[in-house]
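Protein sequences appear in the order of chains A and B. So that you can map any letter, position 20 of the first sequence is 20 in my numbering, and since no number is skipped, the others follow by simple counting. Start counting at 1 in the second sequence, then tack on 1000, and there's your number in my numbering. Note that CB positions come from ideal geometry on N, CA and C, so glycine has one too. This structure is a prediction, so every number in the text was calculated from the model and none was measured.
There are 2 protein chains.
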Amino acid sequence: MNRDHKRQQTRRALIRAALRLTDERGADRVTVDEISEAAGVSPRTFFNYFATKEDALVGDPLEGCADPRELLLAAPPGPALAAVEAALAPAVRQIQDDRELWLLRLRVMMNNPQLLPRLAAGAATAEQEMTAAIAERLRLAAGHPYPPVLAAVTGAVLRVALMRWAADVQDQVLEGTSLAEHVHEALGMLAAGLPDPVTGWPSGVSPDPGGTPDDQRDPTTRNR
Amino acid sequence: MNRDHKRQQTRRALIRAALRLTDERGADRVTVDEISEAAGVSPRTFFNYFATKEDALVGDPLEGCADPRELLLAAPPGPALAAVEAALAPAVRQIQDDRELWLLRLRVMMNNPQLLPRLAAGAATAEQEMTAAIAERLRLAAGHPYPPVLAAVTGAVLRVALMRWAADVQDQVLEGTSLAEHVHEALGMLAAGLPDPVTGWPSGVSPDPGGTPDDQRDPTTRNR
DNA sequence: TAAAAACTTTGCAGTCTCTGCAAAGTTTGC
DNA sequence: GCAAACTTTGCAGAGACTGCAAAGTTTTTA
Chain A
1 MNRDHKRQQT RRALIRAALR LTDERGADRV TVDEISEAAG VSPRTFFNYF
51 ATKEDALVGD PLEGCADPRE LLLAAPPGPA LAAVEAALAP AVRQIQDDRE
101 LWLLRLRVMM NNPQLLPRLA AGAATAEQEM TAAIAERLRL AAGHPYPPVL
151 AAVTGAVLRV ALMRWAADVQ DQVLEGTSLA EHVHEALGML AAGLPDPVTG
201 WPSGVSPDPG GTPDDQRDPT TRNR
Chain B
1001 MNRDHKRQQT RRALIRAALR LTDERGADRV TVDEISEAAG VSPRTFFNYF
1051 ATKEDALVGD PLEGCADPRE LLLAAPPGPA LAAVEAALAP AVRQIQDDRE
1101 LWLLRLRVMM NNPQLLPRLA AGAATAEQEM TAAIAERLRL AAGHPYPPVL
1151 AAVTGAVLRV ALMRWAADVQ DQVLEGTSLA EHVHEALGML AAGLPDPVTG
1201 WPSGVSPDPG GTPDDQRDPT TRNR
């Protein structure tokens, strides 16, 4: 049997076993030994596939997707936020294609909050790459705040969209909003400057056009 | 000697020992036994103070600050994003007051990326509280996307601001920007809708009536 | 102030995660 | 069919973390 294929199969078996057992009993009532046994491999083999027990649970939303750098640079010319949305699209599509698995995974995460940080963990690497790619696309100098802010913020938005998508399904909303729609909706809020949804007021932090750093009179700054 | 005071002292000794040793050798070359010894307590005592080794390293930016709920509800009436900035102010002030410790901590984090996720971890709880507080302040229905998006996004911004502030100092920028200024600058970008800093183009995701307060038809809210 | 109550520290024994290494087993290319 | 390349496995061991009960310290009470 094909080597790569077999590896993928073992990998998936481990992930599924880990998720199923954790879903049934909670994260700290499942051992690596049990997961491996359920997947039909030795415990030692588990660690050939995953560096930590939690890695098998959390997974990587971007796994198998092209390098974000390429996607971002390949995105049609236009505003950066739109390009980021385009770059995220393959990941979103992939998650929707593996719907069952991701819903299980997200349910497990919501029931085991210790895992939430790890989701951000995978994001940490992706975020760094994203930051670099944005800076490159816009040809901004290394110290410019825009790329890291945009990368962090879109990462946060993706995470929230995932959770809301999963919560919709959990709550039996039969024809719920698609993940892509959740992402788009949240990015739309960002693009609009997070206006207050009740009053429609603009968000009201002085927009300080990134260029003019006349922050000297900011009242929160005078000390130190 | 006063009991509380002694506890705080032990706690700080453990944190300092953990940070110093990790700074010298890297996170995986330091054991709990060594940290405890350096702090003058038994290894068992370490775990009376921190649930994990990493907890001693990461700390909590909001530790000792008032409940974000109260801060947010106490903030002057006005746009939500401005209220969030006001709510963040005490945490920012506290970090600047403990400048030395936080700079060491952030340097350690930048040199030991395994720790970055944990920073988001503490944020996870704070983020939930923030979400609830925002929803309460704006009297939004439970399923509305605005509170979780705003909470996640401001958390991300705070994290980036912290890192940039620390990086400034690391890079010997003597009269660097204050943390509060970094936060304000990043929030300003959000408020402006993340316009492309090169072209000044608006961010260009169709803003999707998140602003118009006809929330009754919000698709995510219809149920429950 | 002495005794009781409340709390903290510690040692110990044990479970679990995770690693390096080398032997055994499998797949692939020639 | 054979050698190279890769994967699985067992084993031994370091280190994180927990529950428990004994010992030590601080605070309260009478």
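For P1148 of chain B, the neighbours in chain A by C-beta distance under 8 Å run, in chain order, V160, M163 and R164. At a beta-carbon threshold of 8 Å, the residues of chain A lying near V1157 of chain B are V149, A152 and V153, ordered along the chain. With respect to the 7 Å criterion, A80 of chain A and D1196 of chain B are classified as neighbours on the basis of their beta carbons. Pairing A161 of chain A with P147 of chain A gives a Cβ-Cβ distance that is not under 7 Å. In this structure, DSSP gives S36 of chain A a helical state, which the three-state scheme calls helix. When the five nearest sequence neighbours on each side are left out, the beta carbons in the same chain lying within less than 7 Å of the beta carbon of A1018 of chain B are those of I1035, A1056 and L1057, in order along the chain. Ranked by Cα distance from D23 of chain A, the first of A:W102, A:A87, A:E63 and A:D98 is A:W102. Rounded to whole angstroms, Q9 of chain A and H1144 of chain B show a C-alpha spacing of 39 Å. By the Cβ neighbour-count rule, T1177 of chain B is buried, with 16 or more other Cβ atoms within 10 Å of its own. Taking a C-beta cut-off of 9 Å against chain A, the contacting residues of the stretch 1175-1200 of chain B are T1177, S1178, L1179, A1180, E1181, H1182, V1183, H1184, E1185, A1186, L1187, G1188, M1189, L1190, A1191, A1192, G1193, L1194, P1195, D1196, P1197, V1198, T1199 and G1200, listed in chain order. Looking from the CA of L73 of chain A, the closest CA among A:D33, A:V198, A:L138 and A:D28 belongs to A:L138. Under the Cβ criterion of 7 Å, E1085 of chain B is counted among the residues facing chain A. Relative to R1029 of chain B, the option among B:R1011, B:A1142, B:N1112 and B:T1154 whose CA is nearest is B:N1112. Against chain B, the beta carbon of P145 of chain A has neighbours under 8 Å at V1160, R1164, H1182, E1185, A1186 and M1189, listed in chain order. When Cβ-Cβ separations below 7 Å define contact, A1121 of chain B makes contact with chain A. When B:A1121, B:K1006, B:Q1114 and B:V1169 are compared, the shortest CA-CA separation from L1104 of chain B is found for B:V1169.
Here DSSP, grouped into helix, strand and coil, assigns H1182 of chain B to helix.
Annotation for P1147 of chain B: the continuous alpha helix (DSSP H) segment containing it runs Y1146 to Q1170. In the displayed model, P1077 of chain B falls within coil according to three-state DSSP, outside both helix and strand. Inter-residue distance for R69 of chain A and M130 of chain A is about 7 Å (C-alpha atoms, whole angstroms). When secondary structure is reduced to three states using DSSP, R137 of chain A falls in the helix class.
Taking C-beta atoms as the reference points, G188 of chain A and V1205 of chain B count as a pair closer than 7 Å. Taking the CA atoms as reference points, E37 of chain A sits about 11 Å from L21 of chain A. Within the same chain, and ignoring the five residues on either side of D1033 of chain B in sequence, the residues whose Cβ sits closer than 6 Å to its Cβ are P1043.
Residue contact check for V58 of chain A against chain B: no CB pair falls below 7 Å.
Residue state for V1173 of chain B is assigned as coil, using DSSP reduced to three classes. Using a 10 angstroms sphere on the CB of E1181 of chain B, the tally of other CB atoms reaches 16 or more, which defines it as buried. Taking the Cβ atoms as the reference, V84 of chain A lies roughly 7 Å from L150 of chain A, within the contact range of under 8 Å. Straight-line spacing of the CA atoms in P1077 of chain B and E1185 of chain B works out to 22 Å. Neighbours of L140 of chain A in chain B, taken as residues whose beta carbon is under 8 Å from its own, are P1197 and V1198 in chain order. Annotation: Cβ neighbours of P113 of chain A in chain B (cutoff 7 Å, chain order): A1124.
Taking a C-beta distance under 7 Å as the contact criterion, A166 of chain A and L106 of chain A qualify as a contact pair.
Boundaries for M1001 of chain B: no alpha helix (DSSP H) harbours it, and the DSSP string shows neither H nor E there. Cβ atoms of G64 of chain A and Q94 of chain A come within 8 Å of each other, at about 7 Å. What R118 of chain A touches in chain B, judged by beta-carbon distance under 8 Å, is P1117, going in chain order.
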